[in-house]
Amino acid sequence: MTVVVKIGGARAVDPEGALADVAALVEDGEDVVLTHGGSTAVDETLEELGEEPTYVETPGGVVGRFTDEDTMDVFKMVMPGKLNTDLVESLHNEGVDAVGLSGTDGKLLEGKRKSAVRVEEDGKKKIKRGDHSGTIESVNADLLETMLAGGYTPVVSVPVLGREKEGGYTAVNADADRAAAAVAGALEADLVVLTDVSGIYEDPDDESTKIESASTPTEFDAVKDAAEGFMTKKVMAAEEALEGGAASVIVATANADEPITAALAGEGTTLEPGVLADATDVETEATR
1 MTVVVKIGGA RAVDPEGALA DVAALVEDGE DVVLTHGGST AVDETLEELG
51 EEPTYVETPG GVVGRFTDED TMDVFKMVMP GKLNTDLVES LHNEGVDAVG
101 LSGTDGKLLE GKRKSAVRVE EDGKKKIKRG DHSGTIESVN ADLLETMLAG
151 GYTPVVSVPV LGREKEGGYT AVNADADRAA AAVAGALEAD LVVLTDVSGI
201 YEDPDDESTK IESASTPTEF DAVKDAAEGF MTKKVMAAEE ALEGGAASVI
251 VATANADEPI TAALAGEGTT LEPGVLADAT DVETEATR
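Position 140 (the sequence shown) corresponds to 140 in full-length UniProt numbering; numbering is contiguous.
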């Protein structure tokens, strides 16, 4: 079994239990790829440098980061520089042979650079240029599989390698949940998304309404309807992971003694490949 684990970068997420759990899984012979976020640390670093993080809203109502050149420099410094190195260091202290990788290493994560985005400001639609972002289109699974076969545990972070229209590459930002989804799909792995809540709730303010699992398109529709705020992007990433070939996706809390093991045992919200609508079923429904 291969497990891709994504540790969220929110301030409320404590990675200590997850790192010990990675060590236990590796000791038991499981292949683990660790990925991580870090937007909170990026924002804090920007503020320390006297810069304000910039967030924009698309005409469709999705709020995301606008990554200009200066912000991209901070991403390079914080994500593969500090956060990734800290996680690799911690895993070595747990007895794990960890190797830190950014998406630019060996063309691990690659896609087209998006240098301009459509935004809505004061009720007006505009084009904002100078963005350094991209959508992942390919994963160098061979690189990860070679490392796993050699007994190493990859620790993966953005940035990714963005192809320019005129040729060449630029390091660009990409959503960490979607990066984890791309990796899990390429490896046909189980994806465990660790965050600061215990799963996806029907009522975002009531943990007792946690959705245990979804295995049909109808059940997945209920999950998508329930997801709000930051959870919306995680559900979108989960769908991409399953479409890409992931065995399952579990959204669960990081703040537990054995969060990965618990998630794989059913703690959290488990999404199975059956949630994807079959193309034949969609065509049949359309002709009724």
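Cβ atoms here follow ideal geometry from the backbone N, Cα and C, with glycine treated the same way.
Keep in mind it's a predicted model, so treat the numbers as computed, not measured.
Per-residue DSSP class, three states only, for residue i
{"i": "L49", "result": "coil"}
{"i": "A252", "result": "strand"}
{"i": "E267", "result": "coil"}
{"i": "A277", "result": "coil"}
{"i": "S198", "result": "coil"}
{"i": "E283", "result": "Confidence at E283 is low in this model, with a pLDDT of 40, below 50, so its placement is unreliable and no value can be given for it."}
{"i": "R159", "result": "The residue asked about is misnamed: residue 159 is Pro in this sequence, not Arg. Correct three-state label for P159: strand."}
{"i": "A10", "result": "coil"}
{"i": "E240", "result": "helix"}
{"i": "L108", "result": "coil"}
{"i": "K234", "result": "helix"}
{"i": "D68", "result": "coil"}
{"i": "R288", "result": "Because R288 carries a pLDDT of 41, less than 50, the predicted location of this residue cannot be relied on, and the following value inherits that uncertainty. R288: coil per DSSP, three-state reduction."}
{"i": "K165", "result": "coil"}
{"i": "V62", "result": "coil"}
{"i": "P80", "result": "helix"}
{"i": "E57", "result": "strand"}
{"i": "A171", "result": "strand"}
{"i": "A189", "result": "coil"}
{"i": "A246", "result": "coil"}
Neighbour-count burial assignment, residue i, 16 or more Cβ in a 10 Å radius
{"i": "I136", "result": "buried"}
{"i": "L83", "result": "buried"}
{"i": "Y55", "result": "exposed"}
{"i": "R178", "result": "buried"}
{"i": "E285", "result": "Confidence is the limiting factor: at E285 the pLDDT is only 41, short of 50, which leaves the residue's position unreliable, though a coordinate-based value still follows. Exposed: under 16 other Cβ atoms inside 10 Å."}
{"i": "L49", "result": "exposed"}
{"i": "K125", "result": "exposed"}
{"i": "G100", "result": "buried"}
{"i": "E267", "result": "buried"}
{"i": "I250", "result": "buried"}
{"i": "T209", "result": "exposed"}
{"i": "T216", "result": "exposed"}
{"i": "P15", "result": "buried"}
{"i": "G38", "result": "buried"}
{"i": "K234", "result": "buried"}
Extent of the continuous beta strand (DSSP E) to which residue i belongs
{"i": "D221", "result": "Here D221 belongs to no beta strand (DSSP E); instead the alpha helix (DSSP H) covers P217 to A226."}
{"i": "T135", "result": "K124 to V139"}
{"i": "T209", "result": "Counting along the chain, T209 falls outside any beta strand (DSSP E), and DSSP gives it neither H nor E."}
{"i": "D31", "result": "D31 to H36"}
{"i": "residue 323", "result": "Only positions 1 to 288 of the chain appear in the structure, and residue 323 is not among them; the question remains open."}
Pick from the options that is closest to residue i, judged by C-alpha positions
{"i": "V32", "options": "M231, V235 and A180", "result": "A180"}
{"i": "G61", "options": "D97, D122 and K76", "result": "D122"}
{"i": "E272", "options": "E16, L148, D68 and A214", "result": "A214"}
{"i": "H92", "options": "S39, E145 and Y152", "result": "Y152"}
{"i": "S102", "options": "T218, V275, V63 and L143", "result": "L143"}
{"i": "L194", "options": "S39, T253, S157 and L187", "result": "T253"}
{"i": "V22", "options": "V63, D97 and T40", "result": "D97"}
{"i": "N255", "options": "V3, M1, A10 and V158", "result": "A10"}
{"i": "G29", "options": "E207, G168, S115 and A149", "result": "A149"}
{"i": "T85", "options": "V223, S157, E51 and A238", "result": "S157"}
{"i": "P159", "options": "V42, E120, A186 and A277", "result": "V42"}
Proximity test, residue i beta-carbon vs the ligand MN heavy atom, cut-off 7 Å
{"i": "L191", "result": "Of ligands this structure carries none, so the ligand MN is not represented either."}
Cβ pair residue i, residue j closer than 8 Å
{"i": "R113", "j": "T170", "result": "yes"}
{"i": "E258", "j": "G8", "result": "no"}
{"i": "N140", "j": "G111", "result": "no"}
{"i": "D196", "j": "V13", "result": "yes"}
{"i": "A182", "j": "G134", "result": "no"}
{"i": "K6", "j": "T35", "result": "yes"}
{"i": "L161", "j": "L109", "result": "yes"}
{"i": "T261", "j": "G199", "result": "no"}
{"i": "V4", "j": "A189", "result": "yes"}
{"i": "V192", "j": "L264", "result": "yes"}
Continuous alpha helix (DSSP H) stretch holding residue i: start and end
{"i": "G151", "result": "Here G151 belongs to no alpha helix (DSSP H), and DSSP marks it neither H nor E."}
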